[in-house]
Structures are given as C-alpha cells and as structure tokens.
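The block underneath contains the structure these notes are about, expressed in structure tokens.
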Amino acid sequence: MNERMDDLQFRRSIYADPSSTDQEVLAAKKADPAKQQFADELIKLDLKIHRAINVDVPENLYNKLMLKQTLASHQQQKRKNRIQLAIAASVAFTVGLSVNFMQSSNVYSDLGDYALAHVNHEAHLFSNNSNAKISLASLNKKMSTYHASFTQSLGKLISAGECNFGGLKVLHLVYQGKTQPVTVFVVPSKNDLDFDSNFSHGNLHGEAQQFKNANIVVVGDKNEPLQQWQQKIKQDITWST
Amino acid sequence: MASKQVRYEALVRALHGDLFRYGYWLCHDKQVAEDLVQETFLRAWRALDSLKDEKAAKSWLITILRRENARRFERKRFDMSEYDEMSVVDTQAIGHEQDLENEMLRDKIAQLPEEYREPLVLQVLGGYSGEEIAKQLNLNKNTVMTRLFRARNQLKESLEDEPMFLGQFN
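Line by line, the protein sequences give chains A and B.
Quick note: the first sequence, position 3, residue 3 per this note's numbering, numbers continuous.
Quick note: the second sequence, position 153, residue 394 per this note's numbering, numbers continuous.
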C-alpha cells in the first residue's frame, strides 16, 4: 500500500466513484482537508447527476406492461388452443380417412379374396364345437335385409353377423363343419367384385354361386364338401323379390 | 416457488422504473424508451423460466434492453430520415419540471459520448460497482473506471462553463 495516494490518483478515484469506500481513498480524505473538500464537491455533483438521471417514469407504464403481458399470454394461450384444436382435427381427419379407406378401398378385387380374408381374419373367433346356436327364425330376420330366407336350417349355426367387403354389407354366417367351421357369405349381387366360382388358399377353399339377388359364397377347409353345401342352399333358400 | 405471473408482476413493479430510465438514457426519447421497456419485459416474460436468480434480474433485464436498443439501430439503418441522435433531447418531457439546473445537466449528460454515459448511468441508476459495469458492458474494469472518470470530469467542466454554475465547484 502506498503511504499516501498522490493527488492525481485520488482525483481519478473520486471522479470514477465519488462515494467510494476504498480504504486508500478514505485514508487520503482523512489526511488532507483539501482532498476531503474535493470529494465533498464531487458528491454534491453526483447528487445532481443522480437527480438528473432519474427522469420521471410515465405513470401508467406499469399498467401498460401488465396489460401487454396479459394480452401476450392470452394470445399464446389462444395459439396453443388453436394448435391443439388443429392437432385434434387432423387426428380426427386422419382417423376418418383411414377408416374410410379400410372400409371402402378395394384392397381385393374379387369375391373369393374377400371371403378368404374374412374367414382368415375371424378364424380365431369361432370354435367348431361352440355351444352357440342361432335359431332359423332369427337367421331369417337377418336374411330379410337380403330379400331371402331359408326354409330349413343348413346345419348348426354358430354365428350370424354382418361384415364388409370393400364397403359392401355382407351377411356372414358361421356353421359347424366337419372339422372346422364353415362360413357362408350372402353377398348382394349389386357389387363390383369379380365373381369367382372356385377359389382356395392354404387349407381353405371356397365355392360361390350366383342367384338373382345375391351371390352365396361358402368357405371351409379341405374336408368340407362345399358342393353339397351349395346344393342344400339352393334347395332351401327362397328369394322374396 | 412463486407462479410465473407473480414473479413477473414483482419484477415489473420493482424494475420498470429504472429500466425505463436506462432506456431513456440510451435513446433520449421517452416514447422510444417506453417501447424498449415494453419489448424488454415481453421478452422477459417469455424467457422468465431461464431466470434462476432473482438477484440477477436487473442485469438480465438491462442486457435484454441493450440488445433491443441495438436492434433498433439495425432497423434504423434503413430509415435515412432519422434525426441526429445527439441533437434531440426530450425537452417537452422535462420542461414542466421547471428545474433549469436539472434540465441543463440532463442536456450535458445527453451530450456525453455514449461510451461515457452508459457506465455512468449504470453506476448512478443501478448502483453497480466497477466490476459489475465491466461485466455488463463486456469491458475490463480499468476501462470502465477511466470512462467514469471522464464522464464526471466532462460534466463538471461543462457545467463550470455555464454562468449559473460558476464558483460551485471551485
């Protein structure tokens, strides 16, 4: 530490920071009344500078700032909501599109492919030894949509439901077969599907015959005498129009 | 931890005044200063989560405001009709204060070179130490101390030239 700050050094320190608490500066002020006076003048000047720099703040600035923030976060929220809505809409649109696509796109172009695909797809749902048995009356109720009815049952009916061949509503009947369930489809004849009287894939084979109102497709495993099934159907079915 | 809204309100309440003054001494225009402060706080609101230490809030806001001011200059480059920065002091805003001495001093502060004025404003307004100013302005401490010395020296000398200040600093 210097014994005493020289005048220039002191002035520089005071100019740079009039309220300096530096030990050397304080000591120099104490030791020299002229320095003390100089420092006091600078502090006086600094008070004036302080007052000059402290310009008035617009009264409503605080409120303006809060308002602006409120609006901004509201906008942000609105944007967020819009984005969420847009995402939801696009998800819904995509779902709608794909459901539509799955239902109506012609993945397959002929009857046999559709029939096989449905049988394969639902194979696990039906057991040949199922206890379910659907009466002829309730079958015929469903058949009425297709303008047809059976005069007697083809066999033990395990399931009767509707399914979809590329947008076309089809009656889907599952009967007990010799070893595996036999599936009978009643396909309205107003369709764009290529007609296939015989088809097969793997263990499954199928036969179709054309009637006035509908095509009837029978699908079963290789043990199943499909021709007999078709024969029986031809005998027992009656068409209302 | 206080909610974002509460933190923001506290921040605005405590610091908008000094920030406005700081902005004013950067641009010498109350309206522009107000715009700067608004833009600064808007950015602060968006980035509030990045402010971890409330004690650093003031420096953080000043940094944002300085950046905003610099952006203003970038934009201004395309606007050739801008007035001469130094010649315009917002006399209307300070006229009603009827403090001639104060007004004159403001004039002198406004006429200081910016590199002297800014450290001075930070010191007087923010109560920052030489080190803190150096950090804020990205200068070394000696440079800051020299500029503070020159700022006050120039103010003192220019005031001594004014008749009404004669004898005050002898």
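Positions of the beta carbon are idealized from the N, C-alpha and C atoms, including for glycine.
What are the residues in the stretch 15-29 of chain A lying within 7 Å of chain B by C-beta distance?
So the list reads Tyr15, Ala16 and Asp17, given in the order they occur along the chain.
DSSP on B/Lys245, reduced to helix/strand/coil?
Looking at B/Lys245 - three-state DSSP - the assignment turns out to be helix.
If you check the beta carbons only, do A/Thr241 and A/His121 fall under 8 Å apart?
Result no, Cβ atoms of A/Thr241 and A/His121 do not sit closer than 8 Å.
Taking Cβ positions only, does A/Leu8 come closer than 8 Å to chain B?
No, A/Leu8 lies away from the interface with chain B (no Cβ there is under 8 Å from its Cβ).
To the nearest angstrom, how far is the alpha carbon of B/Glu315 from that of B/Glu280?
Going by the C-alpha atoms only, they are around 16 Å apart.
By the three-class DSSP mapping on this structure, what secondary structure does B/Leu267 have?
Residue state, collapsed to three classes: helix.
Residues of chain B with CB closer than 8 Å to the CB of A/Asn54, please, in chain order.
In chain order: Arg262 and Leu366.
Express the C-alpha separation of A/His74 and A/Ile14 in angstroms, rounding to a whole number.
A/Ile14 and A/His74: Cα-Cα distance of roughly 51 Å.
Among the residues of its own chain, which have a CB less than 7 Å from the CB of B/Ala298, if the five just before and after it don't count?
The answer, listed in chain order, is Leu252, Leu256 and Leu292.
Output needed in chain order: residues of the stretch 79-93 of chain A with a Cβ under 7 Å from some Cβ in chain B.
Cβ contacts with chain B come from no residue of the stretch 79-93 of chain A.
Hey, how far is the Cα of A/Ser200 from the Cα of A/Asn129?
Straight-line Cα distance between these residues: approximately 24 Å.
Count the other C-beta atoms from every protein chain shown that fall within 10 angstroms of the C-beta of B/Phe282, then say buried if there are 16 or more, exposed otherwise.
Under this definition B/Phe282 is a buried residue.
Whole angstroms are fine: how far does the CA of A/Lys222 sit from the CA of A/Phe195?
Near 21 Å, if we compare the C-alpha coordinates of A/Lys222 and A/Phe195.
Check this for me: beta carbons of B/Val362 and A/Ile53, under 8 Å apart or not?
A contact, by the Cβ cut-off of 8 Å.
Between the Cα of A/Pro188 and the Cα atoms of A/Ser98, A/Phe10, A/Trp239 and A/Asp7, which residue gives the shortest distance?
The shortest C-alpha separation from A/Pro188 is found at A/Trp239.
Using a Cβ-Cβ cut-off of less than 8 Å, list which residues of the stretch 54-71 of chain A approach chain B; keep chain order.
Cβ contacts with chain B: Asn54, Val55, Asp56, Val57, Pro58, Leu61, Tyr62, Lys64, Leu65, Met66, Lys68 and Gln69.
Please confirm if B/Lys397 has its CB atom under 8 Å from at least one CB of chain A.
By this cut-off, B/Lys397 is an interface position.
Check whether the stretch 63-74 of chain A touches the stretch 266-281 of chain B, taking contact to mean three or more Cβ pairs, one atom from each stretch, closer than 8 Å.
Contact holds: three or more Cβ-Cβ distances are below 8 Å.
Counting only the same chain and skipping the five closest in sequence on each side, list residues whose C-beta sits under 6 Å from that of B/Arg391.
Answer for B/Arg391: Tyr357, listed in chain order.
Under three-state DSSP, which class holds B/Ala288?
It is coil, neither helix nor strand.
Contact check, A/Val217 vs A/Ala123 under 8 Å by CB: the rounded distance?
Incorrect: roughly 16 Å between the Cβ atoms, too far for contact.
Alpha carbons only, please: which of B/Asp294, B/Trp266 and B/Val365 is nearest the one belonging to B/Leu310?
For the record, residue 310 of chain B in the displayed sequence is Asn; it is not Leu. Nearest C-alpha to B/Asn310: B/Trp266.
Can you tell me which of B/Leu341, B/Trp301 and B/Pro354 puts its alpha carbon nearest to the alpha carbon of B/Ile374?
The candidate whose alpha carbon is nearest that of B/Ile374 is B/Trp301.
In three-state DSSP terms, what is A/Ile134?
Three-state DSSP puts A/Ile134 in coil, outside helix and strand.
Mind checking if A/Lys48 is an interface residue toward chain B, Cβ cutoff 8 Å exclusive?
Cβ-Cβ to chain B under 8 Å: yes for A/Lys48.
Considering Cα atoms alone, identify which of A/Asp17, A/Gln77 and A/His50 is closest to B/Gly371.
It is A/Asp17.
When you compare the CB of A/Leu97 with every CB in chain B, is at least one pair closer than 8 Å?
So, not an interface residue.
Per DSSP, A/Lys169 is paired with what?
DSSP, once it has assigned bridges, lists A/Asn164 as partnering A/Lys169.
Could you name the residues of the stretch 124-152 of chain A whose beta carbon sits closer than 9 Å to any beta carbon of chain B, in the order they occur along the chain?
Taking 9 Å as the Cβ-Cβ cut-off against chain B, none of the residues of the stretch 124-152 of chain A qualify.
If you count every other CB in all the chains shown that lies within 10 Å of the CB of A/His172, and 16 or more means buried, which is it?
By the neighbour-count rule (16 or more Cβ atoms within 10 Å), A/His172 is buried.
For A/Phe10, report the span of its alpha helix (DSSP H) as first-last.
Note, A/Phe10: alpha helix (DSSP H), Asp7 to Ala16.
Cα separation between A/Asp7 and A/Lys35?
Distance between the alpha carbons of A/Asp7 and A/Lys35 is about 8 Å.
DSSP three-state label for A/Phe211, please.
Three-state DSSP puts A/Phe211 in coil, outside helix and strand.
Applying a beta-carbon distance threshold of less than 8 Å, which residues of chain A neighbour B/His269?
By Cβ distance, chain A contributes nothing, its closest Cβ being about 10 Å from B/His269, past 8 Å.
Rounded to whole angstroms, what's the CA-CA distance from B/Phe261 to B/Val273? Just pull it up for me.
Approximately 10 Å between the Cα atoms of the pair.
What residues in its chain sit with their C-beta under 7 Å from that of B/Gln333, if we drop five residues either side in the sequence?
A caution first: B/Gln333 carries a pLDDT of 48, below 50, which makes its placement in the model too unreliable to give a value.
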